Every structure is written in C-alpha cells, then in structure tokens.
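*Asks:* This is the structure I want to talk about, given as structure tokens.
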Amino acid sequence: MLSSTDRTKAIRFGGHRLRPEDIHAVTTSWLDETIHDSPAIFCRALVDPGLPITVGTATRIMTPAQISGFRHTGPHRVRPRGLAGRQHTGDNWRIIGQRLEGWRLSVRIKSIEVIGFKSLVKLKLDLPKFCCLTGLNGSGKSTVLQFIDFAAQQVRGEIDSWLRLRGWKNRDVLSKLTSARVVTFRIALEQSNNHDLLWTATFDPHSLMCVSETIQPTDTTAAQAADSPILQVTNGRYRLSKRDEQAIEFKYQGSILSGLLDNKLPSALREVKTFLRTTESLDMLTPERLRERVREARGTLGIGGRNLSAFLADAAAPNIADLTKTLRRAYPQLIDITVRSLRAGWKQLQVTEKFGEKAISTEAQHINDGTLRLLAIFAELASKHGFLVFDEIENGINPELIEMVVKSLSTAPQQVLLTTHSPMILNYLDDQQAKESVIFLYRTRNGFTQAKRLFEIPSLSEKLKVMGPGEAFADTDLQRLSEEITAIHPGEG
Ligand SMILES: Nc1ncnc2c1ncn2[C@@H]1O[C@H](COP(=O)(O)OP(=O)(O)O)[C@@H](O)[C@H]1O
Ligand SMILES: [Mg+2]
C-alpha cells in the first residue's frame, strides 16, 4: 500500500502541489463537518472527487481529473485486489478499485467480547476486515449482527426507538440463559495510526445507558503518552483525556459519546464515533422494506433497508449512474435507475428496463427482489459507511451473480461482516482468505454461542488440503461439526 505521505506528495491544489503539512482541514460532505487533525480521513477524502479541501483559508473542490492526476504520478501503483485482470476501465468496477487503492479505513473493529447479550453469554470473536459467519440455524449468527448494530446504536443514542423498530422490549437484549441484568462488552478498535483502542462498557437496559464505560489505548506506552484513559464514565461523572472529571449534567441514551458534541471530542474518539455511527447492519433486509416509500434517509438505509429510495436520492449518496453501470453487469436489460420526488417529499424508486426495442419503467413495488437486494448492497458499497453488515447475503440473488457480490464485498474499502449458509460463497475465497475470514458459530450444551475459525477445526483443516473452501464446507455435516467441537472443548459446554 502507499503510505499516506507518498500519496499526498503528488496531490495538487489549483496549480500547487500539496504537502501533508500544507493541509489544514478537510471538509467531508457526508459528515457535514470539518476535520482538522485527521490525516486518515483526509486520505479517504483524496479518493472522493467533490470533497472540498481547505488550504489556509481557501477551499477547493477536488475534481476527478486532479485526483487521477495524483494517482498516476504516485510512486507506486496498487492494483485492486481481486479485480485485477478484469477489463472494466471507466466503469464502476474501476471506481470501486480506485477507492480500495486510496481509501484506508480510519478505524475498524478488531474483536468483540460480549457478556450477556441474548445467546452471546460469553463470546469472544476476532473480526478480520472481511468476515463471514456460518453455522446451523439458531447458532447465533443474526444475534452477532444484532449485537454489532446494538453497539453502533450506543453512539447514536435513541436506544428506545432502536428497540421499538426491532419490536423488542428493553429486557430482550439480556440473555435468558443467565441472571445478569446488564450487557457488558469490550470492543477492540484498530486506528490508522496503529494505536488500538479498547472500548469497555456496561449497558443497563433499565436506564438504556452505558452506566460505566472507558475508552483507552490498548498498549501501555500509548496509554501513558495519551494520558490514559481517554474516556471514562463512572458513577454519574465523566472524564475526557487531560481534562478534569466532571458531573454528567445532561441526559443521553447509550454511550456518553452520543451526548457529547463531536467538536468537543479528542480526534481519536471522534473517529471512533464516526465509524460506529456509519456502521450499517442490514440484518433485517427484506424486499418488502426495500420497496417502502420514505421521505428521508438521513444517511442510512435504515432498518431492513426501508430508506433505499431516499438513500439513493440523497445528495451525499452514491452516484446513481455508477450504480446503474454496476447493476447492468448483472442485468444487461437495465437502462436506468431513478428516484422521483413525489408530493410531500416522498421518494419513489423506479427502474427502467429494455426488452428488444421496448423500454419499460417499473416502480419499486414491482421491481424483482434480487435487483432490490443488489441495489441495496452496491449502494452500501459505494457509500461512506465504515462497516457493512449483511445477513444471509446469498438470499434472493442468482447463483451466477454471487461471484460478483462476494468479490466486491471481500475487496471492499469498508469493513464487512456477513452471514451465509452457502458453500458457493466460500468458493470465491482463496484458501488463505477462507482460513482468516470464515467463522463457525455453534451453541454449547448450555446454549451459549461460541465461535471458532472454520478452517482451524481439525476435520476441516484436513479437507482444505485436498478441496477448495466451498467444497470442504459442502462436504461437512454442521451438526456433527458442532458435536466435534463441543467434544474438543467440553469445559465450555
Ligand atoms: N434473550 C435470549 N437469551 C438467550 N438466547 C436467546 C435469546 N434470544 C434468542 N436466543 C436464542 O438465539 C437463537 C437465535 O439465534 P440467531 O442469531 O437467530 O441464529 P442464526 O441467525 O444463526 O440462525 C434462538 O434459537 C434462541 O435460542
Ligand atoms: Mg439468522
């Protein structure tokens, strides 16, 4: 990969070359805010045509030409992994590839540890940048996705409406398998500066708040340098790094990060908050919801994808023409995707297809399920969201299109977590990626969800020597596999 310094060397601003130290701020349209001290987000902005970059007091919009100019003069060129060899110059594949080349995630989740969330009684799970969960029905795959959404919701606040949208009562977040009255979690976050952070919190479903939480660097030298911890909440008081402890005199739900203004936060916390706030968990994606008419998306596809039409209409949304090109690869008869504004601000999604010489337009209510799902997936991939989460990714998508979907997801600039029942998905991963990315979930005898890297299980690791990942998976009886593991780890069952 290029280092950020290499990349910025050749950035041009008007007629001038920019050095990193010349750059004072980047205004990101998707966040509606200016970042003064975040080179990582700046790098991300570099590959996004149309983002204003401020040098001194002047602001310029980077044009695609300036950006590609910079890329070609860069000291190295990186070929998009997985897309190499395809001839897609000028269309959306190319754009996805370019994003991959230039956009480094500023934050990602490295691991989660959950105590007392539904069947996640005591679960530790390492999350690679691309992660694929498999396992029997009821093993807890969707629950892991719900937990990710729950954690992301902590920084957005509004836990009550989140519960309502899911049709849950407060206590539904708790595990019925234990008597604990709180959910405790630890999330390790990797930052682009290599100083990892650990967010530890205890959520009380009665008050809907994290009654205690800390965010601190994981390594001790960074911890000392940064005057660790950088966030601490206990007994109704909070402390930000290098600042005195104060009483909490405002109301909020979830994490205190939801109640603190972004511009009052240290940059590391702001990045974490942004990352979590732009985490999209599409664990309830349904064609019915994707067909809904809505007025506004507020930057998210919303529960089950119900904001799709408004999400595509948003000014900050992915370029609809690029999306159309991508989808045309899947459906050659597709001509156009449009979002019409109806009376009172309702947004109506419409797709135009051509059969022979005849072009017909179809409203969302009549668009086929697969197209809607692909549209949602590729809209997310083209978005500024940091973490994308999809349940049962293969649902409703033609087998011949799965390869395109899996390749796009596994090489996405975003962190991606998905669940699948399909061995076919695994066929498009190479052995190394399958070893790292595929996690098998199972329930112990006590009903606790546990996780294990699928291809580290002895029987599967053997099979992988002679078969591809997909074949090895298809050749495996998951019920027996769960028994094999519980026999290896009897203490957990
Ligand atoms: N509050 C809870 N406490 C403990 N277990 C729960 C709770 N809610 C649901 N479950 C268990 O979680 C299982 C659902 O897991 P789920 O994540 O939907 O599985 P998968 O997506 O892998 O099919 C249910 O079978 C149920 O046994
Ligand atoms: Mg499920």
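Residues 380 to 872 in the working numbering are what the sequence shown lists, from first letter to last. The beta carbon of each residue, even a glycine, is placed where N, CA and C say it ideally should be. Here the structure is a predicted model, which is why all the values come from computation and not from measurement.
1) Shortest alpha-carbon distance to Glu492 belongs to which of Val500, Leu805, Ser540?
2) Would you tell me roughly how many angstroms separate the C-alpha atoms of Ile836 and Tyr631, rounded to the nearest one?
3) Can you tell me whether DSSP reads Val845 as helix, strand or coil?
4) Ignore the nearest five residues each way along the sequence and tell me which others in Ile475's own chain have a CB closer than 6 angstroms to its CB.
5) Our contact map puts Ile566 next to Ile488 with C-beta atoms below 8 angstroms; I'd like the distance itself, whole angstroms only.
6) For the candidate residues Asp641, Val561, Leu669, Thr581, whose alpha-carbon lies nearest to that of Asn747?
7) Apply the 10 Å Cβ neighbour rule to Leu721 and answer buried if 16 or more other Cβ atoms are within range, or exposed otherwise.
8) Got a sec: is the Cβ-Cβ distance from Arg656 to anything in chain C below 9 angstroms?
9) Give me the DSSP bridge partner(s) of Gly514.
10) Are Thr799 and Thr513 closer than 9 angstroms when you measure CB to CB?
11) Contact check, Arg535 vs Ser637 under 8 angstroms by CB: the rounded distance?
12) For the 8 angstroms Cβ check, are there 3 or more pairs between the stretch 814-828 and the stretch 777-787?
13) Taking the alpha carbon of Ser620 as the reference point, which residue from Phe629, Gly633, Ser646, Arg656 has its own alpha carbon closest?
14) By how many angstroms is the C-alpha of Glu850 removed from the C-alpha of Phe654?
15) Counting only the same chain and skipping the five closest in sequence on each side, list residues whose C-beta sits under 6 angstroms from that of Ile772.
16) Report the three-state DSSP secondary structure of Gly519 (helix, strand or coil).
17) So for Asp854, helix, strand or coil by DSSP?
18) Determine the closest residue to Leu553 out of His745, Asn573, Leu577, Thr581, with distance taken between C-alpha atoms.
19) Taking the alpha helix (DSSP H) that Glu742 belongs to, which residues open and close that run?
20) Is Thr703 near Leu713, with beta carbons less than 9 angstroms apart?
21) Does at least one heavy atom of ligand 2 sit under 8 angstroms from the Cβ of Asp528?
22) In this structure, how does DSSP classify Pro837 when only helix, strand and coil are distinguished?
23) Rounded to the nearest angstrom, what separates Arg752 and Leu680 at their Cα positions?
24) Would Asp770 pass as a contact of Leu515 if the rule is Cβ separation under 9 angstroms?
25) Look up Arg450 in the DSSP assignment and say whether it is helix, strand or coil.
26) Given a cut-off of 9 angstroms on the beta-carbon distance, is the pair Tyr821 and Ser762 in contact?
27) Does the Cβ of Asp662 have 16 or more other Cβ atoms within 10 Å, making it buried, or fewer, making it exposed?
28) Provide the residue span of the alpha helix (DSSP H) that contains Met588, from first to last.
29) Considering only residues of the same chain and omitting the five flanking positions on each side of Met783, which have a CB-CB separation below 7 angstroms?
30) Could you check whether Thr657 and Val768 sit closer than 9 angstroms to each other, using their CB atoms as the reference points?
31) Please report the residue range of the beta strand (DSSP E) in which Ala830 lies.
32) Just the C-alpha distance for Ala559 and Gly495, rounded to the nearest angstrom, thanks.
33) I'd like the list of long-range same chain contacts for Leu556, defined as Cβ closer than 6 angstroms, with 5 residues on each side in sequence excluded.
34) Leaving out the 5 sequence neighbours to the left and right, which residues in its chain are closer than 7 angstroms to Ile538 when beta-carbon positions are compared?
35) Am I right that Glu650 and Val486 are in contact with their C-beta atoms under 8 angstroms? What's the rounded C-beta distance?
*Replies:* Per the coordinate set shown:
1) Val500
2) 44 angstroms
3) helix
4) With a pLDDT of only 25 at Ile475, under the threshold of 50, the placement of this residue in the model should not be trusted; the figure read from the coordinates follows. Closer than 6 angstroms at Cβ, skipping near neighbours: no residue.
5) 6 angstroms
6) Leu669
7) exposed
8) As a matter of chain content, chain C is missing from the structure shown, which is built from one protein chain.
9) Leu820
10) yes
11) 6 angstroms
12) no
13) Ser646
14) 36 angstroms
15) Leu797, Thr799
16) coil
17) coil
18) Thr581
19) Unbroken run through Glu742 is the beta strand (DSSP E), 737-742; no alpha helix (DSSP H).
20) yes
21) no
22) helix
23) 12 angstroms
24) no
25) For Arg450, the predicted model reports a pLDDT of 31, less than 50, meaning its position is unreliable and no value from the coordinates is stated.
26) no
27) buried
28) First-last for Met588: 588-596, but that is the beta strand (DSSP E), not the alpha helix (DSSP H).
29) Arg708, Ala709
30) no
31) 828-832
32) 7 angstroms
33) Val500, Gly826
34) Gln532, Leu587, Gln632, Gly633
35) 5 angstroms
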